[in-house]
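These protein sequence lines are chains B and L, in that order.
All residue numbers for the first sequence refer to this note's numbering, where the first residue is 1 and numbers rise by one.
All residue numbers for the second sequence refer to this note's numbering, where the first residue is 198 and numbers rise by one.
One structure is given below, encoded as structure tokens.
Number of protein chains: 2
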Amino acid sequence: MTDPTARPTRAQQRRRTEEGILAAARRMFADLGYERTTIRAVARAAGVDAGLVMHYFGSKDALFSRAAELPAGEAPGEVAGSTPGEVAEAMLSALGARLEAEPAASLAVLRSMLTNADAAERYRAAGEPLLDRISASIPTSDAGLRAGLLGAIVHGVIIERYLLRFGRLADASPEEIVDLLRPCFLLLAGAQASPNS
Amino acid sequence: MTDPTARPTRAQQRRRTEEGILAAARRMFADLGYERTTIRAVARAAGVDAGLVMHYFGSKDALFSRAAELPAGEAPGEVAGSTPGEVAEAMLSALGARLEAEPAASLAVLRSMLTNADAAERYRAAGEPLLDRISASIPTSDAGLRAGLLGAIVHGVIIERYLLRFGRLADASPEEIVDLLRPCFLLLAGAQASPNS
DNA sequence: CCATTCGTTCTACGGTCGTTCAATCAACGA
DNA sequence: TCGTTGATTGAACGACCGTAGAACGAATGG
Numbered sequence: 001m002t003d004p005t006a007r008p009t010r011a012q013q014r015r016r017t018e019e020g021i022l023a024a025a026r027r028m029f030a031d032l033g034y035e036r037t038t039i040r041a042v043a044r045a046a047g048v049d050a051g052l053v054m055h056y057f058g059s060k061d062a063l064f065s066r067a068a069e070l071p072a073g074e075a076p077g078e079v080a081g082s083t084p085g086e087v088a089e090a091m092l093s094a095l096g097a098r099l100e101a102e103p104a105a106s107l108a109v110l111r112s113m114l115t116n117a118d119a120a121e122r123y124r125a126a127g128e129p130l131l132d133r134i135s136a137s138i139p140t141s142d143a144g145l146r147a148g149l150l151g152a153i154v155h156g157v158i159i160e161r162y163l164l165r166f167g168r169l170a171d172a173s174p175e176e177i178v179d180l181l182r183p184c185f186l187l188l189a190g191a192q193a194s195p196n197s
Numbered sequence: 198m199t200d201p202t203a204r205p206t207r208a209q210q211r212r213r214t215e216e217g218i219l220a221a222a223r224r225m226f227a228d229l230g231y232e233r234t235t236i237r238a239v240a241r242a243a244g245v246d247a248g249l250v251m252h253y254f255g256s257k258d259a260l261f262s263r264a265a266e267l268p269a270g271e272a273p274g275e276v277a278g279s280t281p282g283e284v285a286e287a288m289l290s291a292l293g294a295r296l297e298a299e300p301a302a303s304l305a306v307l308r309s310m311l312t313n314a315d316a317a318e319r320y321r322a323a324g325e326p327l328l329d330r331i332s333a334s335i336p337t338s339d340a341g342l343r344a345g346l347l348g349a350i351v352h353g354v355i356i357e358r359y360l361l362r363f364g365r366l367a368d369a370s371p372e373e374i375v376d377l378l379r380p381c382f383l384l385l386a387g388a389q390a391s392p393n394s
């Protein structure tokens, strides 16, 4: 159907341009945060005029919203499982996946969440159902707090690895990090302490 | 010597004004981050003109540097001790103190570190000697990574409690949090797992 | 008492930002 | 073929920013 030699149709070209802008926006929001990325700079990086960005996305806020959408299937790992041990393992494997390669959209939210209310709310909304499910699987009465601590640990590690790029965490392999955190997660999830190898 | 009824001398007044500006700056940097706080807004909050802020501090960067200085004695807790157990306990009590009341200067750095290079460097420089000492007290070969993880956990918890104000962590008492984290810290520091009570 | 310091305010400049809008011109549908 | 749509540009506006520097006036010191 689509002839690769043919000049792209107008709709194709439009979609291509729009995605180019989104990709540039994601990169800049992730690198610089919301306030320091400018529409003009995004447009320049995408090779278009700033007015076009406005025309397609309406406002800087709306552009951020679109850039912060997680690509389908990149939703935070489905932490299923009912026993504390299963919950801990599911969170660890989700963490491991994020340590391999965190998507730019997610980094844009993380980079901006401390200075932009929209990003903070997006971060909260993304994590809440996850934490609720984890909390429900923890048998103790302080399950909510334990789930909150698990989330804080995950995000503390990701922030230092990807946004601050601290050597100790940035250089380590995901397996190393996950293995060190495993007993902690098991303890916080309410499972028995694992024997130290 | 200082007569309380007397009108303040010029030097006193100057110091008072300067500290008022610094207090307002600390509050705003902590609440809004570096980019969103403006010199004009700091001046307004302190009840003075923006030009005066420039005159006293020279530039916005310099103002941030002064506002980010920790008040004497608020330096990150001296994590002394040589055994893994002592290190973990020292970190926990330092964390407990910070969970009681984190100083505004420290929050200003934390709030800004993801978008401001100065703040990020200040954060790194403040934590590094601490992490080095912790690392030296951990007997395993991956001591550096373990120390980095401990630091990431501490800051993840503080960020979610003070900057994002997530209910689960914001409402909990410092003792609760510290007690839940204790076995994790002991494990990461290389001590034996504590029996779960 | 007078000259001087200096805390403080006012005004203004150059720059950048988000945003708007008219203009252009190639692709499209009838 | 021709009118229309729509992708794209360029110039401009108003607001706000960090910063500079002149001006004022009260405290200060001789």
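C-beta: ideal position from N, C-alpha, C; glycine also.
Coarse secondary structure for residue i, derived from DSSP in three states
| i | result |
| --- | --- |
| A143 of chain B | helix |
| P371 of chain L | helix |
| S106 of chain B | helix |
| A388 of chain L | coil |
| L378 of chain L | helix |
| M225 of chain L | helix |
| T214 of chain L | helix |
| L114 of chain B | coil |
| R362 of chain L | coil |
Burial state of residue i (16 or more Cβ within 10 Å)
| i | result |
| --- | --- |
| H352 of chain L | buried |
| R98 of chain B | buried |
| S112 of chain B | buried |
| P281 of chain L | buried |
| A104 of chain B | buried |
| R14 of chain B | exposed |
| A11 of chain B | exposed |
| P380 of chain L | buried |
| E357 of chain L | buried |
| G265 of chain L | Here the sequence assigns Ala to residue 265 of chain L, which means Gly is not the residue at that position. Buried. |
| T140 of chain B | exposed |
| A125 of chain B | exposed |
| T2 of chain B | Its pLDDT being 39, under 50, T2 of chain B is placed unreliably by the model, and the measurement read from it follows with that caveat. Exposed: under 16 other Cβ atoms inside 10 Å. |
Option nearest residue i by Cα separation, candidates the options
| i | options | result |
| --- | --- | --- |
| A222 of chain L | L:S334, L:S262, L:N313, L:L361 | L:S262 |
| S135 of chain B | B:A143, B:E19, B:L92 | B:A143 |
| Y359 of chain L | L:P205, L:A264, L:A227, L:D246 | L:A227 |
| L145 of chain B | L:A314, L:R319, L:G364 | L:G364 |
| L229 of chain L | L:T206, L:N313, L:L249, L:A259 | L:N313 |
| V109 of chain B | B:P8, B:E35, B:Q12, B:G58 | B:E35 |
| R224 of chain L | L:R212, L:R211, L:A240 | L:A240 |
| Y320 of chain L | L:P371, L:F254, L:T337, L:L267 | L:L267 |
| L361 of chain L | L:Q210, L:L304, L:Y253 | L:L304 |
| L95 of chain B | B:G151, B:G51, B:T140 | B:G151 |
| A298 of chain L | L:S338, L:T206, L:A367 | L:A367 |
| A372 of chain L | L:A247, L:I355, L:G248, L:L289 | Reading off the sequence, residue 372 of chain L comes out as Glu, not Ala. Here the closest residue by C-alpha is L:L289. |
| D315 of chain L | L:D258, L:I355, L:V354, L:A287 | L:D258 |
Span of the alpha helix (DSSP H) around residue i
| i | result |
| --- | --- |
| V42 of chain B | 39 to 46 |
| P281 of chain L | 281 to 297 |
| G33 of chain B | That residue, G33 of chain B, is in no alpha helix (DSSP H); it is neither H nor E in DSSP. |
| Y56 of chain B | 50 to 57 |
| L327 of chain L | 314 to 334 |
| R66 of chain B | 60 to 68 |
Sequence-distant residues of the same chain with beta carbon closer than 7 Å to residue i, five excluded per side
| i | result |
| --- | --- |
| A285 of chain L | F382, L383, A386, A388 |
| A344 of chain L | L328, I331, S332, I335 |
| E325 of chain L | none |
| V53 of chain B | I21, I39, V42, A43, L63 |
| S82 of chain B | S137 |
| A242 of chain L | A221, M225 |
| L149 of chain B | L188 |
| V375 of chain L | L289, L292, G293 |
| A50 of chain B | I39, R40, A43 |
8 Å Cβ shell around residue i - same chain, five flanking residues per side excluded
| i | result |
| --- | --- |
| V48 of chain B | T17, G20, I21 |
| L378 of chain L | L289, L292, I350, V354 |
Same chain, Cβ closer than 6 Å to residue i, five either side skipped, listed in chain order
| i | result |
| --- | --- |
| Y56 of chain B | E18 |
| P205 of chain L | none |
| A172 of chain B | none |
| T37 of chain B | M28, F29 |
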